[in-house]
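Everything on this sheet refers to the single structure shown next.
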Amino acid sequence: MTTPSTPGDSSLATSVYSLSSKSPTEAEQYKARAANWRFSTLCASVDNKDQYGASSTPIYQTATFKGMDGQYDYTRSGNPTRGGLENHLARLYGATQAFALSTGMTCLDTILRLVKPGETVLAGDDLYGGTNRLLTYLGTHGGVKVIHADTTRIEALRPYLQPGNKVRMVLLESPTNPLLKIADLEGISKEVKQSSPDALIVVDNTMMSPYLQRPLELGADIVYDSGTKYLSGHHDLMAGIIAVQRPEICKDIAFLINSVGSGLAPFDSFLLLRGVKTMSLRMDRQMATAQLVALYLDSLGFLVHYPGLKNHPKRDIHWKQATGAGAVLSFVTGDKALSERIVGGTRLWGISVSFGAVNSLISMPCLMSHASISAAVRAERGLPENLIRLCVGIEDPRDLMDDLEHSLLSAGAITPNLSHSPLSHSRSAELYASDPEAWILERAKGFKRPSSESSAIDKLVSGVKKGLGFTSAERKTIAEDIVVSAPGKVILFGEHAVVHGVTAIASSVNLRCFAVLSPRSDGKVALEVPNVGVEAEWEISKLPWGLLPVHSNTHRHVADKDLDPALLQSIEKLVHEHKELGKTGLNSCIAYLYLYMVMAGAESEAPSVTFTATANLPISAGLGSSAAYSTCIASSLLIAHSHINKPTSDQSRLSEGETNIVDGWAFLSEKVLHGTPSGIDNAVSVRGGAVAFTRSVGGRKGGLDGLHGFSSIRLLLTNTLVPRDTKSLVAGVSAKRLAEPHVVDPILDAIQSISDEASTLLSGQTHVERKELIARLETLIRENHSHLVNLGVSHPSLEMVVSATAAEPFNLATKLTGAGGGGCAVTLIPDDFPQSSLDALITTLEFQGFQPHLTSVGGPGLGIHSPSTQKEDKIRTPEEGEGMIVPKRVTLRETPIEGLQTWSERVGNWVHT
1 MTTPSTPGDS
11 SLATSVYSLS
21 SKSPTEAEQY
31 KARAANWRFS
41 TLCASVDNKD
51 QYGASSTPIY
61 QTATFKGMDG
71 QYDYTRSGNP
81 TRGGLENHLA
91 RLYGATQAFA
101 LSTGMTCLDT
111 ILRLVKPGET
121 VLAGDDLYGG
131 TNRLLTYLGT
141 HGGVKVIHAD
151 TTRIEALRPY
161 LQPGNKVRMV
171 LLESPTNPLL
181 KIADLEGISK
191 EVKQSSPDAL
201 IVVDNTMMSP
211 YLQRPLELGA
221 DIVYDSGTKY
231 LSGHHDLMAG
241 IIAVQRPEIC
251 KDIAFLINSV
261 GSGLAPFDSF
271 LLLRGVKTMS
281 LRMDRQMATA
291 QLVALYLDSL
301 GFLVHYPGLK
311 NHPKRDIHWK
321 QATGAGAVLS
331 FVTGDKALSE
341 RIVGGTRLWG
351 ISVSFGAVNS
361 LISMPCLMSH
371 ASISAAVRAE
381 RGLPENLIRL
391 CVGIEDPRDL
401 MDDLEHSLLS
411 AGAITPNLSH
421 SPLSHSRSAE
431 LYASDPEAWI
441 LERAKGFKRP
451 SSESSAIDKL
461 VSGVKKGLGF
471 TSAERKTIAE
481 DIVVSAPGKV
491 ILFGEHAVVH
501 GVTAIASSVN
511 LRCFAVLSPR
521 SDGKVALEVP
531 NVGVEAEWEI
541 SKLPWGLLPV
551 HSNTHRHVAD
561 KDLDPALLQS
571 IEKLVHEHKE
581 LGKTGLNSCI
591 AYLYLYMVMA
601 GAESEAPSVT
611 FTATANLPIS
621 AGLGSSAAYS
631 TCIASSLLIA
641 HSHINKPTSD
651 QSRLSEGETN
661 IVDGWAFLSE
671 KVLHGTPSGI
681 DNAVSVRGGA
691 VAFTRSVGGR
701 KGGLDGLHGF
711 SSIRLLLTNT
721 LVPRDTKSLV
731 AGVSAKRLAE
741 PHVVDPILDA
751 IQSISDEAST
761 LLSGQTHVER
771 KELIARLETL
781 IRENHSHLVN
791 LGVSHPSLEM
801 VVSATAAEPF
811 NLATKLTGAG
821 GGGCAVTLIP
831 DDFPQSSLDA
841 LITTLEFQGF
851 QPHLTSVGGP
861 GLGIHSPSTQ
871 KEDKIRTPEE
881 GEGMIVPKRV
891 TLRETPIEGL
901 QTWSERVGNW
911 VHT
C-alpha cells in the first residue's frame with residue numbers, strides 16, 4: 001500500500017488558492033445583472049451582433065444568400081433581420097423559441113395544423129371573430145371537431161376532458177375579446193395536463209402582450225400574438241408571433257413555417273422590432289387612460305367590462321396571472337341605435353377594427369370585428385348587439401374624455417346633472433394633476449343616465465325655466481337618419497340674361513351633393529361640411545327665436561317668398577363668431593340655420609339634429625353646388641318636419657306637389673346665399689334633366705319647360721379654381737344695363753335667340769341628325785360665350801380654357817358657365833372625339849393648373865334614400881373583410897370625394913325626382 005506523499009509548499013499553496021472563489025469576469029458580471037433586468041429594459045435592449053456594430057438591427061432585404069455553408073440560404077427559411085426579432089421576442093416571452101409570421105391569423109392557422117382530422121379543439125365561447133371564422137372552416141372542411149365552452153369556469157371544461165376524449169388542443173383567450181372575460185390559465189393548464197396530457201394548451205395573448213401576461217410561465221404550451229397590436233403599436237404593419245417552450249413543438253412549428261413560407265418579411269421584421277422597444281412605455285400610458293375611461297363609464301351606470309375595475313367578476317384571477325388590465329374595454333348602452341349614434345359622434349376616437357395602436361379607436365364589435373358571427377350565435381354566446389368597444393391610445397386623457405363625453409351627450413346616452421356644482425377650471429386642473437382617478441369621478445358627477453323619473457332638483461329647475469318662459473330641456477329629434485342627394489347643374493345657354501327675363505337652358509350633371517340629417521339628443525343643432533372645413537354646433541335655445549317672422553308657425557310648409565332681414569342679420573352675427581370658417585363656410589352655416597329656424601316656426605318644434613353634407617361638385621365654380629346644397633337642406637328638413645313624406649322603397653318618385661315644395665325652400669336658401677338668384681339652379685337641382693327656364697320679370701309670365709328630346713351629351717367641365725363673387729357679377733350686369741341699355745339690350749335679345757334655337761333642338765321639336773345637332777350646339781356655344789365676354793363677365797383664366805380647347809388638334813367649342821368671373825368653363829365633347837385626344841386635352845388643362853371633370857348632362861334630380869323594409873342578418877364573407885358597417889353620417893364625412901358615387905351605390909334604394 002502506498003502512502004500518499006505530503007504536499008510540498010508549492011502544492012499546498014496551489015490547494016489553498018483553489019479553495020478561494022474565482023473573481024467573475026466583467027462579462028460574467030454584466031450577464032448576471034442582465035438576468036435581473038426589468039421588462040422595460042429588456043424591450044429596449046436588443047442583443048444585436050451585427051458584423052459592423054450597427055446599433056439598430058439592419059434590414060437584410062434579400063431573398064437569397066450566397067455560399068454553401070452559411071447560416072442562411074433563402075429568406076423563406078430564415079433571415080438575419082427576422083432572426084434578430086425572433087431572438088429578442090423569445091427573451092420577452094420567456095420562450096425556448098419565438099417565430100415571426102405574416103399575421104396573427106397566420107399564427108393560428110399554423111398552430112391548428114398540429115391538429116389531425118378526427119381530433120378535437122376545445123375553444124372559448126367569446127373569441128375574436130376571425131378566430132371563430134377559422135375554427136368554423138376547420139370544423140366544416142378539416143374533419144376536426146370544434147367545441148365552444150365557457151372557459152371562465154374550469155368545471156365547464158371537465159365534461160370534455162373525461163377519459164377517452166380526443167381533445168388535441170385547448171384554445172384560450174384571457175381577457176377575451178370583446179367581453180373581457182377572464183380564464184384561469186394556470187388552473188386550466190393543470191386540469192388539462194392531468195386529464196389530457198397529450199393536449200396542447202394554446203393562448204391568444206394579444207389583449208395583454210408579453211408585457212402584462214406570459215402564459216408560458218402559467219403552463220401554456222404555445223402562445224401567439226397579433227404583432228399588429230401592442231407589439232408594433234402603430235398599425236403600420238401586419239405581423240404575428242408564436243412563442244413555444246417545448247423543443248419538439250418548436251421543431252414542428254419551424255417545419256410548417258418553412259414549408260408554406262409564412263415567415264415575416266425583413267422590412268416588417270425591422271418595423272416590428274422597432275415598435276417592441278417602446279411597448280412598455282406606450283402600454284403604461286394606454287392603461288392609465290383606459291382605467292380613467294372605465295371608471296367614468298362605470299360611475300355613470302353603464303355595464304363596463306374591464307378587469308381594472310374592482311367590480312369585475314374575475315378580477316382576482318386576472319391579477320394573479322397578469323400585471324396590468326390592458327387598454328381595451330367595452331360597455332353596454334342597452335340600445336343598438338344609441339350605440340351607433342355614440343360611435344358615429346366621436347371624432348378623436350377613430351372608427352375602426354383592431355386595437356393596440358397609439359391612436360384610440362371605437363367600434364361596435366357585432367357590426368365590425370365580430371360581424372362574421374351570425375346574430376343567432378352572438379345572442380347564444382351573450383354578445384350584445386349594442387356593445388361598444390373602446391381601444392385606448394396614448395392621447396391626452398382629457399382630450400379623449402372631451403370627445404367621448406361630447407358624443408355621449410349628443411347621442412342622448414347621458415344628460416347634465418343639474419343638482420351637481422362642477423369644480424372651477426383651475427381646481428379641476430389641480431385635481432387632475434394630483435389624483436387623476438378622483439378627477440374623473442368628479443367629472444362624471446356632472447352627468448347622469450336619462451331616466452323617466454326626475455329628481456326634485458331637476459323638477460325645480462324645469463319649473464323655474466317654464467315660469468320664465470323657457471322651453472323644456474326635452475328636445476325633439478328624428479327617429480332615424482334622413483339621407484338625400486341633389487345634382488349640380490350646368491347652364492348651357494342664357495346665364496346672366498336669365499335675370500332679365502331671357503330664357504336659360506340648363507341641365508343637371510352627374511356630379512352631386514350628398515347629405516345625411518342624423519338625430520342627436522343634447523339640445524344642439526350642428527353642421528358638418530368637410531369640403532369647406534365646416535364643423536360647428538349651436539345651442540338651440542340660444543338661436544334668435546324671438547326674431548322669427550310673425551306669420552311663422554309650426555303648420556306652415558310652404559317657403560316664404562322673401563327673406564326676413566332682421567332674422568337673417570341676427571343669424572349672420574351669430575355665425576360670424578366662427579371667423580375661421582372662411583366666406584363659403586360661413587355662408588353655408590347661415591343658409592342652414594335660416595331654413596332650420598323658419599321651417600321649425602318655433603323653438604319647441606326645432607329638432608336636435610346634425611346635418612352632414614359633402615359633394616363631388618367643385619365648390620363656387622358655377623356648377624350649382626350651392627343649389628345642390630340648398631336642395632339637400634330643404635328636402636331633409638321637410639322630411640324631418642313631415643311636411644313631405646319620406647318615400648317608400650316601392651315608390652318611383654316624389655309627387656309634383658312635394659317637388660314644388662322642395663323647390664320653394666331651396667330657392668329661399670339660394671336667396672340667403674346669393675341675394676337675387678335666377679331660380680334656375682335650384683329648379684334643375686330639384687327636378688333633374690334639362691329645362692328651359694324663363695324668370696317672371698316686369699309683369700311678364702315666367703315658366704319652366706322640360707327638355708326631353710335628346711340623349712346624353714358629354715361635357716368637359718373645367719374648374720379654373722379662380723374664386724368669384726356671384727352677387728357682384730350679377731349686380732354689375734344690371735348696372736351696365738342701366739347705364740348702357742343700347743349696348744346690353746341687343747346682347748340680351750341675341751342670347752334669347754340662342755336659347756330659343758337650343759330649346760328647339762333639345763326638346764325634339766325639330767328633328768335633326770345627331771351629328772348636325774352637335775355641330776349646331778357648338779356654334780351656339782361659341783356665340784353665347786362671345787356675348788358674355790361683351791357683358792364683361794369673363795375672366796383671363798376662362799379665356800385660357802377657351803383658347804386651349806379651340807386649338808389644334810382639339811377644335812372644340814367652350815363657353816363660361818354660371819356667373820363667370822372665374823369658376824367653370826364647359827366644353828362640348830362630340831360623340832366621335834377620340835379618347836386619346838380627350839386624354840391629351842385633360843393633361844393640357846391640368847398642366848395649366850385647372851381641374852377638368854368629364855361628365856354628362858340630363859341625369860336625375862333630388863334623391864331621397866328609402867331604407868329597405870326587409871330585416872336581415874347579413875353574414876360577412878371573408879372577401880368583405882371585417883364588416884365595416886358604421887353610421888351613414890360618419891362614412892359620408894370620411895369618404896373622399898372620388899368615393900362618393902360608390903358610397904351612394906352602397907347606400908342603395910334611392911327614389912329620385
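So that you can map any letter, position 773 of the sequence shown is 773 in full-length UniProt numbering, and since no number is skipped, the others follow by simple counting. Heads up, the beta-carbon is just placed ideally off N, CA and C, and yes, glycines get one too.
CB-CB length for residue i against residue j, believed under 8 Å
| i | j | result |
| --- | --- | --- |
| W538 | V525 | 6 Å |
| V170 | V202 | 7 Å |
| S856 | S712 | 5 Å |
| A840 | H787 | That belief does not hold up - the Cβ atoms of A840 and H787 are roughly 30 Å apart, past 8 Å. |
| G488 | S625 | 6 Å |
| T694 | T503 | 5 Å |
| R889 | D399 | Contact flag wrong, Cβ pair sits at about 22 Å. |
| G764 | S794 | That belief does not hold up - the Cβ atoms of G764 and S794 are roughly 32 Å apart, past 8 Å. |
| G124 | T151 | 4 Å |
| residue 917 | V802 | For the chain, the structure presents residues 1 to 913; residue 917 sits outside this window and is missing. |
Residues sharing a beta bridge with residue i, DSSP
| i | result |
| --- | --- |
| I482 | L517 |
| L101 | G240, G263 |
| Q851 | N719 |
| K524 | E539 |
| S493 | What sits at residue 493 in the sequence shown is Phe, not Ser. According to DSSP, which records beta bridges pairwise, F493 is partnered with I505. |
| F331 | V304, I388 |
| K448 | T415 |
| E173 | D204 |
| H912 | G863 |
| A692 | I505, D705 |
Beta carbon of residue i nearer than 8 Å to that of residue j
| i | j | result |
| --- | --- | --- |
| P178 | S330 | yes |
| I222 | I111 | yes |
| S759 | I505 | yes |
| S507 | G689 | yes |
| V730 | G706 | no |
| V768 | T612 | no |
| I633 | A591 | yes |
| C43 | I242 | no |
| I661 | V558 | yes |
| Y296 | R449 | no |
| A486 | S685 | yes |
| I774 | P830 | yes |
| K229 | G356 | yes |
| G84 | T103 | no |
Of the listed residues the options, nearest to residue i (C-alpha basis)
| i | options | result |
| --- | --- | --- |
| Q245 | R214, L273, P266 | R214 |
| L548 | A606, L511, A515 | A606 |
| M238 | D316, M105, G187, Q291 | M105 |
| P809 | A63, D109, A536, T844 | T844 |
| K542 | G382, C391, G523 | G523 |
| T891 | G187, G219, P530, V801 | P530 |
| S339 | M283, S407, M287 | S407 |
| H148 | T140, Q61, L135 | L135 |
| R113 | A357, K31, A294, I249 | I249 |
| D252 | Q97, G823, L216, I747 | Q97 |
Any C-beta of chain D under 8 Å from that of residue i
| i | result |
| --- | --- |
| H312 | Looking at the structure shown, chain D is missing, and only one protein chain is on hand. |
Item checked: Three CB pairs or more closer than 8 Å across the stretch 399 to 418 and the stretch 293 to 302 -> yes
Checklist line | Three or more C-beta pairs below 8 Å linking the stretch 250 to 257 and the stretch 146 to 164 | finding: no
Note to self: Is it the case that the stretch 226 to 235 contacts the stretch 261 to 281, given that we only count it when at least three CB pairs across the two stretches are under 8 Å?
What the structure shows: yes
Check: Any contact of the stretch 769 to 788 with the stretch 807 to 823, i.e. 3+ C-beta pairs under 8 Å?
Finding: yes
Check: Quick one: any contact between the stretch 834 to 852 and the stretch 483 to 501, if contact means 3 or more CB pairs under 8 Å?
Finding: no
Item checked: At least 3 beta-carbon pairs within less than 8 Å: the stretch 285 to 292 vs the stretch 376 to 389 -> no
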